[in-house]
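Structure first, then comments.
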Amino acid sequence: DQQVKQNSPSLSVQEGRISILNCDYTNSMFDYFLWYKKYPAEGPTFLISISSIKDKNEDGRFTVFLNKSAKHLSLHIVPSQPGDSAVYFCAARSPRINEKLTFGTGTRLTIIP
Amino acid sequence: DAGVIQSPRHEVTEMGQEVTLRCKPISGHDYLFWYRQTMMRGLELLIYFNNNVPIDDSGMPEDRFSAKMPNASFSTLKIQPSEPRDSAVYFCASQRQPNTEAFFGQGTRLTVV
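Protein sequences appear in the order of chains A and B.
For the first sequence, counting from 1, position 41 maps to 51 in this note's numbering; every step adds exactly one.
For the second sequence, counting from 1, position 63 maps to 64 in this note's numbering; every step adds exactly one.
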């Protein structure tokens, strides 16, 4: 049972435009959400996170939005750059087991120059 | 710090053989995680340790999989006997405390033929 879902396996965006990656979750106990970025032949690296007490967190070109009622979060990248081409994983954590992350299946983002 | 170090980077083995994957976590990190990345399930948690003690091994697919952490600086994931469906990228990650980000190694790409 996939508790964190990324329904788009891939996404292509023109350089300079906005990239929007989506993530849905089913476990209402999740209260902290993270995005990881993964380049080929490397391990995932932490990108940005958001607590459930917020609905938006911004870090430079990256913004994460959380809609708790819809159990949905999204990562916005603007403007998109060629170096953003990677696989993006959404992850969630519950306060009950707050050291453990549940990951989605990932979305491969390709930025077209 | 060198980060999380995994070895080998690539492993090709024949079905039925024993495979051992190795991980050195970041010094001072109390938590160590083993993940498996597949197209279908994304990043799947296999097992994790806190202070060298296994906490949750519910993600270990079968008895053929075992993991140990004999000390704070070393962990192994063993598959015996290996099967072609075990082919995947296996990641080790470490984390200082709950509610902090996890740092991933570069992964071991396992191919069982």
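All C-beta atoms in this analysis are idealised placements derived from N, C-alpha and C, irrespective of residue type, glycine included.
- Put simply, the backbone Cα of PHE66/B is about 26 Å away from that of GLN98/B.
- Across the structure, ASP41/A and VAL90/B are spaced so that their CA atoms are roughly 28 Å apart.
- Within 7 Å of the CB of ARG42/B, the CB atoms of chain A belong to THR115, in sequence order along the chain.
- Annotated three-state conformation of PRO71/B is strand, per DSSP.
- The beta carbon of LYS69/B sits closer than 7 Å to those of SER76 and THR77, all from its chain and outside the five residues before and after it, given in chain order.
- Per DSSP, LYS110/A lies in no beta strand (DSSP E) segment and is marked neither H nor E.
- In chain order, LEU111, THR112 and VAL113 place their CB closer than 8 Å to the CB of SER88/B, counting only its own chain and leaving out the 5 sequence neighbours on each side.
- Beta-carbon to beta-carbon, PRO89/A and ARG71/A are separated by about 7 Å, close enough to satisfy the 8 Å threshold.
- Of all alpha-carbon atoms in GLN13/A, PRO123/A, GLN91/A and ASP94/A, the one lying nearest the alpha-carbon of ARG42/B is that of GLN13/A.
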